[in-house]
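*Asks:*
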Amino acid sequence: MASVPQPPPAGPVARLRLAPHSAVPRRIDGAWWPRSRNLLVELPLLIGALPRDWGQINGVTVNAEMWSASPGRILVANHVVRLRREPVSRDRHTVCLLSPARGRWDLLVVPPEVDAADAEYLMAAVATDTH
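Numbering (full-length UniProt numbering), first residue to last: 1 to 131.
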């Protein structure tokens, strides 16, 4: 009896909530809850989960205190993404994503160690905030 091949197990998915698209610029465009502080692992998941109309992300700015050490560039889906680690940031819990000719998006970063109920509450609040 031949066995039916099973699909490979699904890998981790980015925990991401985005605010609805609006003609009015927003200070925060959504929330991201990474599973670790390792940008080499987390950024490819995040970038892969972004809407296609955000275009190709070529730059990411993060707060250096929040993340483990990482190189100045990483390869994501055969595309180089420049990482800029700010030593001091206005808000250490944000990540800034840049796409040429498409724009800039700022996401609230929910720290990985936050419990699920609090993280889900924060993400929902950011995604539905109209300010």
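All residues carry an ideal CB built from backbone N, CA and C; glycine is no exception.
Can you tell me which of D53, H93, S22, A64 puts its alpha carbon nearest to the alpha carbon of L113?
*Replies:* Looking at the sequence itself, residue 113 is Glu, so the reference to Leu does not match. From the listed residues D53, H93, S22, A64, the smallest Cα separation to E113 is found for H93.
*Asks:* Pairs of beta-carbons, one from the segment 102 to 119 and one from the segment 22 to 39, closer than 8 Å: are there three or more?
*Replies:* yes
*Asks:* State the Cα-Cα distance for the pair M66 and G72, rounded to the nearest angstrom.
*Replies:* The C-alpha of M66 lies about 16 Å from the C-alpha of G72.
*Asks:* Using a Cβ-Cβ cut-off of 6 Å (strictly less than) and excluding sequence neighbours within five positions of L50, which residues of its own chain qualify?
*Replies:* none
*Asks:* Please tell me whether L97 and I57 are closer than 8 Å, where the distance is taken between their beta carbons.
*Replies:* Yes. Within cutoff.
*Asks:* Can you list, in chain order, the residues of its chain whose CB lies under 6 Å from that of V80, leaving out five sequence neighbours each side?
*Replies:* R73
*Asks:* So within the segment 46 to 71, which uninterrupted alpha helix (DSSP H) runs reach at least 4 residues, ignoring any that extend past its ends?
*Replies:* Segments of the alpha helix (DSSP H) lying fully in the segment 46 to 71: there are none.
*Asks:* Suppose the cutoff is 7 Å on Cβ atoms and the five residues either side in sequence are ignored; what does the same chain contact list for P87 look like?
*Replies:* A64
*Asks:* How would you call S36, buried or exposed, if buried means at least 16 neighbouring beta carbons within 10 angstroms?
*Replies:* exposed
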